[in-house]
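Below is one structure, written out as structure tokens; the observations come after it.
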Ligand SMILES: [Zn+2]
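Residue numbers (the numbering used here): 4 to 329.
Pasting the structure below:
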């Protein structure tokens with residue numbers, strides 16, 4: 004399945020190519036920066052995207068750094084990196100969505116060739132990038148108003164070989180938690196689409212609240228390097244220290260109406276099922292929605308804006324497997 008090129012970028016063996024790639028069928032033009040690093044030796048193709056959520060900055064900077072610093076002469080196989088997918092949203096500092104159709108791109112996979120701009124982007128990524136890859140990593144973090152503890156998600160598919168490779172990628176990325184999600188836990192997400200194609204894939208979440216800071220960039224870079232070593236695309240020793248804890252599902256709570264959000268817990272904190280974890284109030288400060296933890300486990304992300312709209316996610320909680328050894 005391995006492919007050594009991406010659309011118009013076709014480097015020779017041991018070479019790097021980069022350029023803007025235009026997504027078909029979108030006016031005005033939607034172009035994204037792309038790097039292709041082709042190793043001297045043949046091997047797997049690893050695809051990496053960042054900036055699908057364009058204010059999740061550490062992943063974008065990490066993707067660029069790996070694209071520039073990895074030596075294709077020392078590489079086995081091909082590394083394809085798209086460091087900023089949501090280019091129209093980036094300079095507007097868009098949160099969650101893109102300004103062309105106001106959709107969350109990461110809910111529109113696998114996309115549609117004749118759909119809205121987001122759907123055309125994800126159709127392009129699915130058919131031109133993910134389908135041709137042997138493994139896929141999508142870099143994320145907490146958006147402008149999200150506090151977050153670093154974690155990785157992959158989707159369980161029931162296919163033992165694919166699940167094993169996704170799990171290995173997630174573990175070697177070495178974040179605080181690894182969440183093995185049930186099928187279609189997040190419909191339309193990048194890793195959901197990859198899992199359906201039988202491509203091992205993970206989404207990574209490092210960084211928070213629209214802050215561009217070096218520690219989260221480093222953590223992403225280290226995770227990508229570990230993944231390249233695990234896939235035997237570069238020589239070296241994986242650097243592992245986080246010892247990720249396993250989770251098997253997550254629950255999100257959403258705002259039932261617009262209002263003011265008062266969380267009562269912090270990100271990373273363990274909550275018990277039924278525990279009061281915050282509320283949503285009206286403009287007079289009267290509580291309209293009481294929030295109770297639907298499961299016991301760690302708080303993975305939490306919205307830090309006072310203002311919330313109807314339907315907005317407020318908090319995400321992970322659940323550990325019933326048998327932690329399993
Ligand atoms: Zn994201």
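Idealized CB from N, CA, C, for every residue including glycine.
Query, Result
"Contact set for residue 202: own chain, Cβ-Cβ below 8 Å, skip 5 residues either direction", "133, 134, 136, 137, 138, 139, 165"
"Closest residue to residue 2 among 311, 108, 262 (Cα-Cα distance)", "The structure shown does not extend to residue 2, since the chain spans only 4 to 329, so no value can be given for it."
"From 44, 253, 196, residue whose alpha carbon lies closest to that of residue 127", "196"
"Spatially closest choice to residue 283 from 301, 307, 311, by CA coordinates", "311"
"Under 8 Å between C-beta atoms of residue 52 and residue 169", "no"
"Residue 109: CB within 7 Å of a non-hydrogen atom of ligand 1", "yes"
"CB-CB length for residue 142 against residue 50, believed under 8 Å", "Contact flag wrong, Cβ pair sits at about 11 Å."
"DSSP beta-bridge partners of residue 275", "Beta-bridge pairing links residue 275 to no other residue."
"Pick from 287, 267, 272 that is closest to residue 280, judged by C-alpha positions", "267"
"Three-state secondary structure assigned by DSSP to residue 312", "coil"
"Euclidean distance between Cα positions of residue 239 and residue 229", "9 Å"
"Closer than 7 Å: residue 146 CB and nearest ligand 1 heavy atom", "yes"
"Three CB pairs or more closer than 8 Å across the stretch 64–79 and the stretch 24–34", "no"
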